[in-house]
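In mature numbering (1 follows the signal peptide of the UniProt record, and there is no 0), the protein residues as written are -27 to -1, 1 to 318. Glycine residues also receive a C-beta, built at the ideal position from the N, C-alpha and C atoms. Quick caveat: nothing in here was measured; it's all calculated off a predicted structure.
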């Protein structure tokens, strides 16, 4: 009964948001609605094959091939960076961009652009995994292509838009076995600060980090470790590398690339522009559902991933967060069991 009431409430709220003059124009596009939608907003700028105003050396990297950057994504990333430079918000010769419409795993879709020394680097990056909420909605993404996007807390989804990098923090994730010895994983995390749809980046703990985690198996006796608990134990497990796959909503990179990216932003704020924004997702989704080619409509989405996902979805926090809160109350997590003591190798 509670979930049925929740669905009815969501439908009523979404219908209200779709009324003329409402502050949002995305609720009518939520996958759980089938009612006719109002007139579409002004579509985003077309993805031209070239990027006017871009320096010639950088223009050479514009394209749809692996390791290249879309002209639309580059124009927006560069404009956002220059805006923040003028505002005095950033003081860095480099800036970042991420095209989450491109395929992950083997594709290079995170870009490090340093115009002062004319360098361009493209590396793999992960996108938000999302969540499947039975009885409510499927917000999950595949490893290769992202279909769902959201700025809702606990959605585990990527949010497109502009960010400014903040502080870098490190945290201990556990021990694993490598090169014949026990190694600690101490992972760095670069916090992002957002605005508009990305304004809750800090509350969501959104940032960039190496795609590494230790999947805990047991507690290992290691009293001399600086990470040992009061009883002299540390968590031990298997090292998992997901740098080019799926994250919990953050931007993740392979460890080798992280080692080059993170120092660029440490104590030197810069910008991160993530594509697509909500307006792009809504416009492309409308075009696909209307049987139109997004490219012919002046819109941009990676063709390979679009063929795989069908139509993208944007889930605004105003409607999704209440559903996530209610789902958590109805499905409380199981009480965690203490890790067993490791057996001697």
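(request) Have a look at 235, 268, 71 and 179 and flag the residue whose alpha-carbon is nearest the alpha-carbon of residue 46. (result) 71
(request) Determine contact between the stretch 175 to 182 and the stretch 190 to 208, defined as no fewer than three beta-carbon pairs at a distance below 8 angstroms. (result) no
(request) Could you give the DSSP three-state label for residue 117: helix, strand or coil? (result) coil
(message) Could you check whether residue 139 and residue 166 sit closer than 9 angstroms to each other, using their CB atoms as the reference points?
(response) yes
(message) Among the candidates 61, 302 and 73, whose CA atom is the shortest distance from the CA of residue 248?
(response) 73
(message) Quick check on the burial criterion: 16 or more other C-beta atoms within 10 angstroms. Buried or exposed for residue 230?
(response) buried
(request) Kindly identify the DSSP beta-bridge partner or partners of residue 385. (result) Absent from the structure is residue 385, since the part of the chain shown begins at -27 and ends at 318.
(request) Could you say if the stretch 24 to 44 and the stretch 77 to 84 meet the contact criterion of at least three C-beta pairs nearer than 8 angstroms? (result) yes
(request) Would you list the residues sitting across from residue 181 in a DSSP beta bridge? (result) 163 and 224
(request) Give me the Cα-Cα distance between residue 59 and residue 241, rounded to the nearest whole angstrom. (result) 15 angstroms
(request) Excluding the 5 residues preceding and the 5 following residue 162 in the sequence, name in chain order all residues of the same chain whose CB lies nearer than 6 angstroms to its CB. (result) 142, 180 and 182
(message) Just to confirm my understanding: we take residue 135, look at its own chain, exclude 5 residues before and 5 after, and list those with CB closer than 6 angstroms. What are they?
(response) 53 and 246
(message) DSSP three-state label for residue 157, please.
(response) strand
(message) According to DSSP, residue 100 sits in a beta bridge with which residue or residues?
(response) 219
(request) List the DSSP bridge partners of residue 143. (result) 161
(message) For residue 204, count the other beta carbons within 10 Å of its own beta carbon; 16 or more makes it buried, fewer makes it exposed. Which is it?
(response) exposed
(message) Tell me the rounded alpha-carbon separation between residue 130 and residue 257.
(response) 18 angstroms
(request) Rounded to whole angstroms, what's the CA-CA distance from residue 98 to residue 219? Just pull it up for me. (result) 9 angstroms
(request) Under the assumption that residue 221 contacts residue 115 (Cβ atoms under 8 angstroms), give the Cβ distance between them as a whole number of angstroms. (result) In fact, because the Cβ distance is near 16 angstroms, the residues do not count as touching under 8 angstroms.
(message) Please tell me whether residue 262 and residue 228 are closer than 9 angstroms, where the distance is taken between their beta carbons.
(response) no
(message) Give me, in chain order, the residues of the same chain whose beta-carbon lies closer than 6 angstroms to that of residue 49; leave out the 5 immediate sequence neighbours on both sides.
(response) 246
(message) Give me, in chain order, the residues of the same chain whose beta-carbon lies closer than 7 angstroms to that of residue 12; leave out the 5 immediate sequence neighbours on both sides.
(response) The predicted position of residue 12 is uncertain, since its pLDDT is 39 and thus under 50; no value can be drawn from it.
(request) For residue 303, count neighbouring Cβ atoms within 10 angstroms of its own Cβ and tell me buried if that reaches 16, exposed if not. (result) exposed
(message) Between the alpha carbons of residue 170 and residue 207, how many angstroms are there, rounded?
(response) 39 angstroms
(request) Have a look at residue 149 and residue 235 and give me their C-alpha separation to the nearest angstrom. (result) 23 angstroms
(message) Taking the alpha helix (DSSP H) that residue 305 belongs to, which residues open and close that run?
(response) It is not in any alpha helix (DSSP H) - residue 305 carries neither H nor E in the DSSP assignment.
(message) Can you look up residue 208 in the DSSP assignment and give me helix, strand or coil?
(response) strand
(request) Measure the C-alpha to C-alpha separation of residue 26 and residue 56 and round it to an integer number of angstroms. (result) 15 angstroms
(message) Using 9 angstroms as the threshold, is the C-beta distance between residue 346 and residue 243 below it?
(response) Residue 346 is absent from the model: the chain starts at -27 and stops at 318.
(request) In the DSSP assignment, find the unbroken beta strand (DSSP E) run with residue 246 in it and report its ends. (result) 244 to 248
(request) Verify whether the separation of the beta carbon atoms of residue 189 and residue 210 is less than 9 angstroms. (result) yes
(message) Could you tell me the alpha carbon to alpha carbon distance between residue 157 and residue 213, rounded to whole angstroms?
(response) 13 angstroms
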